[in-house]
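Convert by adding 103 to the 1-based position in the sequence shown; the result is the number in the numbering used here.
See below for the structure under consideration.
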Amino acid sequence: MGQSDSKLEYFFEEIRNGNIENLKSILNNPNNNNIILEIINNHDNNENYPLLIGTLKDNIEIVKLLINYANKNNIVLKINEQDKKGNYPLLLATDNNNIEIVKLLIDYANKNNIILEINEQNKNGDYPLLRATYKNNIEIFNLLIDYANKNNIVLKINEQDKKGNYPLLLATRGNNIEIVKLLID
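Structural data, given as structure tokens:
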């Protein structure tokens, strides 16, 4: 393992462990700029990358730290990249029911002219709208619909996961009349 690989693993480990202060030290050390530029969008063996790990760990501070660092240094973060399981930050944030991270990702995408792949399914067939419906989270559901409308994205509301679930079925099962109405409209 080379020096770059060990620094990558160390950086990833600090994210996984939620070591905010260590991450701030790494990111704020001017001697690390070239290293950070090299690793901030890099993947590990499972196709995980810093923003994905921070989102997977449901750590809003890490997500904010990475986004702020990227904005400050004119770095475009990988935001739609999938890991080996097909997961990506927006899907994970939705699955974690983390409205704040969903908002951060949408805001970051808007500010950087990135179109979020909101219909993309992982290997289980999950996608953000389906997970928001499953979690009965009307706020995330509305954020996704608003984002799709503003970006002229046709939401795939009838896509099924591997278990045969789709948003209308889940909303009906969950007795969520508000989501049912939104899906029908």
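Glycine included, C-beta positions come from ideal geometry on N, C-alpha and C.
Quick caveat: nothing in here was measured; it's all calculated off a predicted structure.
Residue Tyr237 holds the alpha-carbon nearest to the alpha-carbon of Gly267 among Ile282, Ala212, Tyr237, Glu242.
When rounded, the separation of the alpha-carbon atoms in Glu117 and Asn162 is 12 Å.
Boundaries for Glu262: no alpha helix (DSSP H) harbours it, and the DSSP string shows neither H nor E there. In this structure, Thr158 places its C-beta atom within 7 Å of the C-beta atom of Ile204. By the 16-neighbour rule on beta-carbons within 10 angstroms, Asp210 is exposed. For Glu203, the enclosing alpha helix (DSSP H) begins and ends at 202-214. Counting the other CB atoms within 10 Å of its CB gives Ile287 a total below 16, which places it among the exposed residues. Membership of Glu281 in the alpha helix (DSSP H) is indicated by the continuous run 280-287.
Secondary structure note for Pro133: it is in no alpha helix (DSSP H), with a DSSP letter that is neither H nor E.
Assigned with DSSP and collapsed to three states, Asn245 falls in helix.
The criterion of a C-beta distance shorter than 7 Å is satisfied by Thr197 and Ala235. Less than 7 Å divides the Cβ of Asp147 from the Cβ of Phe115. Going by DSSP, Lys160 is part of no alpha helix (DSSP H) at all; its letter is neither H nor E. Between the C-alpha atoms of Leu154 and Arg119 there is a straight-line separation of about 11 Å. By the C-beta density criterion, Leu194 is buried, having at least 16 other C-beta atoms within 10 angstroms. Val166 sits in a helix when the DSSP states are folded into three classes. Remark: C-beta atoms of Tyr230 and Asn222 approach each other more closely than 7 Å.
In the structure shown, Tyr172 adopts helical secondary structure according to DSSP, grouped into three states.
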